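Student:
Residue numbers (the numbering used here), protein chains in the order written: chain A, 1 to 336; chain B, 1001 to 1333.
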């Protein structure tokens, strides 16, 4: 059983895309109908977007009037910057993520969430709110965050105070555009969700499809900026956190760090005068040259110098000597 | 108010109660020691998934001195490699060396992993060794409900197997009021007939009021017929009817668990333990409700975790291996 405030949850795991709260299915739209879904989520791509109705009461007087929370994970893409064909200057590229569309009157999109690229090679999260007349009410920008790695986004709206709380990877971010406010949304009746759909009427040089991987889109009809709940979502997953049975559960962990020693032992040794064989407890047999072992010996007797002279050739140097148990070759080239 | 995660604490075990255990390899059962497994502090601010700087409050019990030279810390289930620690700001070298990268919030417990010899290199002929830890509910008022235990992560070395065995105390602590007492004994007639003779032998009794308040003694014997506790040595102050009351408030600590003579000897399976060592996971947990003792951990109550480390004879040197033990519980009954 999910907690009451959860109104939609899209966890992509198969080609059938279903809101697991309402059990309603999402449609695949666009020219490209091949959906790519992995355990990491839904791979967004060009000429394809998803749509589905949300079972959220957004009309005035319903519980949505207090707050709304949207969360999702994303592995962002980084297509680079756009070049303005008129000025030749580089500009941020805009990539769609989530649009909340009014279904009672057609196609108005009161909430638009999209990414933009930055000159710092990072991405930024943008949230546009439109008012009742479809005019821009406020635009929030949060970031930066790095592309190509997993991020978790948590957007919580307090519709009574107009405040917005955004957490990326568990850290609170401030709006880069200043202190804006969120509209009350008292005019909303029914909405649907669009994923990776551009809202601009015409394609422009600064607009691209999103190629990121999105997963675990959750929508709550409450303001949730309790950091311990966000921690539970990030660390244990959204499915765990929104399970009613798991709400009162806590954990206490104790890590232990240690080194494991080598358990391998030499169990037998054979010298057949040509090679040395060592048998190990893990079943491996090592074969080595006896001369190799000989070369590791400690040189301690001066009279060994003569035998060394027989086995090494010293060219143009001062010859060999014994120094503190080491065979010392003085400015010579040694041929073994 | 309900119980918090930080109310549940892990301790090394020791041969006697109320002592610090400084030798990891001697955490072989017996009483809970006063030593946590690692020194602790708490976070002073949130740590996001990719943050490389960690702000901590001053250590809870020890000074920063014991944190000098620490190369690893653990927060929640994550083990983090860090630069030498000298202040409340810790810089990270590598997050999640045990493959867990989590976010952490202010108040989360930070442990400084100041030694890696919780296990040593002494094994029995089966290449096994054993350690024992105590888990205590340190809250004075709140109960942890439906307590279960499992390993959040298994050994990173695939040739090392970590199994655990839960042991619950036969008596899990409780208060009482004496009906009489003197220098060598304490009598509580409400205990008559409830427990067999010597049931409380080697339990720790703490006097909470009267002239010996704050003192504690090991019980050497218990007489069920009279409800009399005899101690190994004398109390500091003897009874004097002109000065003191016969009624003393006291507390008997939870029973110690069995203590093994060496870390290479397996503990014995008994009515107080599970039936065998097990590999536990999130979906295959140990419950502390053994033989109907109940699955809740009341304030001050404990249970013990035996850890068996089994290294395959083919295993080569493996540095920075780790496991994460986890106690899961509910704040609601």
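All residues carry an ideal CB built from backbone N, CA and C; glycine is no exception. On a predicted model such as this, the values are computed, not experimentally measured, just so you know.
1) Going along chain A, which residues have a C-beta under 8 Å from residue 1042 of chain B?
2) In or out: residue 58 of chain A buried (at least 16 other Cβ within 10 Å) or exposed?
3) For residue 1181 of chain B, which beta-bridge partners are listed by DSSP?
4) Output needed in chain order: residues of the stretch 226 to 258 of chain A with a Cβ under 8 Å from some Cβ in chain B.
5) My assumption, with CB atoms under 8 Å, is that residue 81 of chain A sits in contact with residue 7 of chain A. Please give the rounded CB distance.
6) Determine, using beta carbons only, whether residue 170 of chain A comes closer than 7 Å to chain B.
7) So with Cβ pairs under 7 Å, would you call residue 1163 of chain B a contact of chain A?
8) Counting only runs that start and end within the stretch 116 to 158 of chain A, where is the beta strand (DSSP E) found for 3 or more residues in a row?
9) Look at the Cβ atom of residue 1038 of chain B, then the Cβ atom of residue 1308 of chain B, and state whether they are nearer than 7 Å.
10) According to DSSP, which residues form a beta bridge with residue 74 of chain A?
11) Exposed or buried, which one is residue 61 of chain A when buried takes at least 16 other CB atoms within 10 Å?
12) What does the alpha-carbon distance come out to for the pair residue 151 of chain A and residue 1258 of chain B?
13) Can you grab the Cα-Cα spacing for the pair residue 1300 of chain B / residue 177 of chain A, in whole Å?
14) Would residue 1111 of chain B and residue 1093 of chain B qualify as a contact pair, given that the criterion is a beta-carbon distance under 7 Å?
15) Using C-beta distances below 6 Å, list every residue in its chain close to residue 1075 of chain B, excluding the 5 sequence neighbours before and after it, in chain order.
16) From this set, A:191, A:203, A:74 and A:83, which residue's C-alpha is nearest residue 41 of chain A's C-alpha?
17) Listing by chain order, which chain A residues have their CB less than 8 Å from the CB of residue 1308 of chain B?
18) What separation, rounded to the nearest whole angstrom, lies between the Cα atoms of residue 1188 of chain B and residue 1297 of chain B?
19) Residue 1232 of chain B and residue 1224 of chain B - do their beta-carbons sit closer together than 7 Å?
20) Would the beta-carbon of residue 1314 of chain B fall within 7 Å of that of residue 1138 of chain B?
21) Is it buried or exposed for residue 193 of chain A, if we count other Cβ within 10 angstroms and need 16 for buried?
22) Give every residue of the same chain whose Cβ lies closer than 8 Å to the Cβ of residue 1078 of chain B, excluding the five residues on either side of it in the sequence, and list them in chain order.
23) Looking at C-beta atoms only, is the number of pairs between the stretch 1028 to 1038 of chain B and the stretch 258 to 271 of chain A that lie closer than 8 Å three or more?
24) With a CB to CB cut of under 8 Å and the five nearest residues on each side skipped, what residues in its chain are close to residue 1087 of chain B?
25) Compile a chain-ordered list of the residues in the stretch 261 to 285 of chain A whose CB is closer than 7 Å to at least one CB of chain B.
26) Pull up the distance between the alpha-carbon of residue 63 of chain A and that of residue 69 of chain A, whole angstroms please.
27) Measure the Cβ-Cβ separation of residue 249 of chain A and residue 1330 of chain B and say whether it is below 7 Å.
28) Could you tell me if residue 1089 of chain B is buried or exposed, where buried requires 16 or more neighbouring beta carbons within 10 angstroms of its beta carbon?
29) Using three-state DSSP, classify residue 236 of chain A as helix, strand or coil.
30) Residues in its own chain within less than 6 Å of residue 1124 of chain B by CB, not counting five upstream and five downstream?
31) Given a threshold of 16 other Cβ atoms within 10 Å of its Cβ, counted over all protein chains shown, does residue 1274 of chain B qualify as buried or as exposed?
32) May I ask you to list, following chain order, the residues of the stretch 1247 to 1271 of chain B that have a beta carbon less than 9 Å from some beta carbon of chain A?
33) Does the stretch 1167 to 1179 of chain B touch the stretch 1233 to 1253 of chain B, meaning 3 or more C-beta pairs lie closer than 8 Å?
34) Going along the chain, which residues of its own chain have a beta-carbon closer than 6 Å to the beta-carbon of residue 155 of chain A, five neighbours each way excluded?
35) Report the neighbours of residue 1067 of chain B on chain A: residues whose CB is nearer than 8 Å to its CB, in chain order.
36) Less than 8 Å between C-beta atoms, sequence neighbours within five positions excluded: which residues of the same chain meet that for residue 1289 of chain B?
Tutor: Here's the rundown:
1) What residue 1042 of chain B touches in chain A: nothing, since even the nearest Cβ is about 13 Å away.
2) Low confidence applies to residue 58 of chain A: its pLDDT is 49, below 50, so where it sits in the model is not reliable, and the reading given next is rough at best. Label assigned to residue 58 of chain A: buried.
3) Beta-bridge pairing by DSSP links residue 1181 of chain B to B:1186.
4) Hits within the stretch, in order: 227, 228, 230, 231, 234, 235, 248, 249, 250, 251, 252, 253, 254, 255, 256, 257 and 258.
5) The C-beta separation of residue 81 of chain A from residue 7 of chain A comes to about 37 Å, leaving the pair out of contact by the 8 Å criterion.
6) Residue 170 of chain A belongs to the set of residues whose beta carbon lies under 7 Å from a beta carbon in chain B.
7) Residue contact with chain A for residue 1163 of chain B: absent (no Cβ-Cβ distance below 7 Å to any residue of chain A).
8) Look at the stretch 116 to 158 of chain A and you find these whole runs of beta strand (DSSP E), each 3 residues long or longer: 123 to 130, 136 to 145 and 151 to 158.
9) Between residue 1038 of chain B and residue 1308 of chain B, the C-beta gap is not smaller than 7 Å, which leaves the two residues out of contact.
10) According to the DSSP secondary-structure assignment, residue 74 of chain A is paired through a beta bridge with A:151 and A:214.
11) A caution first: residue 61 of chain A carries a pLDDT of 44, below 50, which makes its placement in the model unreliable, though a value can still be read off. By the Cβ neighbour-count rule, residue 61 of chain A is exposed, with fewer than 16 other Cβ atoms within 10 Å of its own.
12) So the alpha carbons of these two residues sit roughly 48 Å apart.
13) Approximately 52 Å, taken between the alpha carbons.
14) No, the Cβ-Cβ distance between residue 1111 of chain B and residue 1093 of chain B is not below 7 Å.
15) Around residue 1075 of chain B: 1104, 1108 and 1110.
16) Comparing Cα positions, the closest option is A:74.
17) Those do not exist, as residue 1308 of chain B stays about 13 Å from chain A at its closest Cβ, beyond 8 Å.
18) It is roughly 25 Å from the alpha-carbon of residue 1188 of chain B to the alpha-carbon of residue 1297 of chain B.
19) Here residue 1224 of chain B is not near residue 1232 of chain B, since their CB atoms are 7 Å or more apart.
20) Result no, Cβ atoms of residue 1314 of chain B and residue 1138 of chain B do not sit closer than 7 Å.
21) Residue 193 of chain A is buried by the Cβ-count criterion.
22) Apart from the 5 residues on each side of it in sequence, residue 1078 of chain B sits with its Cβ closer than 8 Å to the Cβ of 1095, 1096, 1098, 1100, 1101, 1102 and 1104 in its chain, given in chain order.
23) Touching, no.
24) If the five residues before and after residue 1087 of chain B are omitted, its C-beta is found closer than 8 Å to the C-beta atoms of 1064, all from its own chain and listed in chain order.
25) Answer set for the stretch 261 to 285 of chain A: 261, 262, 263, 264, 281 and 282.
26) With a pLDDT of only 43 at residue 63 of chain A, under 50, the local geometry of the prediction cannot be trusted, and no value is derived from it.
27) Yes; because the gap between Cβ atoms is below 7 Å, this pair is in contact.
28) So residue 1089 of chain B ends up on the exposed side.
29) Residue 236 of chain A falls in the helix class under three-state DSSP.
30) 1264, listed in sequence order.
31) Buried is the call here.
32) Correct list: empty, as no residue qualifies.
33) As far as the Cβ criterion goes, the stretch 1233 to 1253 of chain B touches the stretch 1167 to 1179 of chain B, which means the pair count is three or higher.
34) Only residues of its own chain outside the window of five on either side were considered, and among them 70 and 166 have a CB closer than 6 Å to the CB of residue 155 of chain A, listed in chain order.
35) Neighbours of residue 1067 of chain B on chain A: none; closest Cβ ~15 Å, over 8 Å.
36) Answer for residue 1289 of chain B: 1295, listed in chain order.
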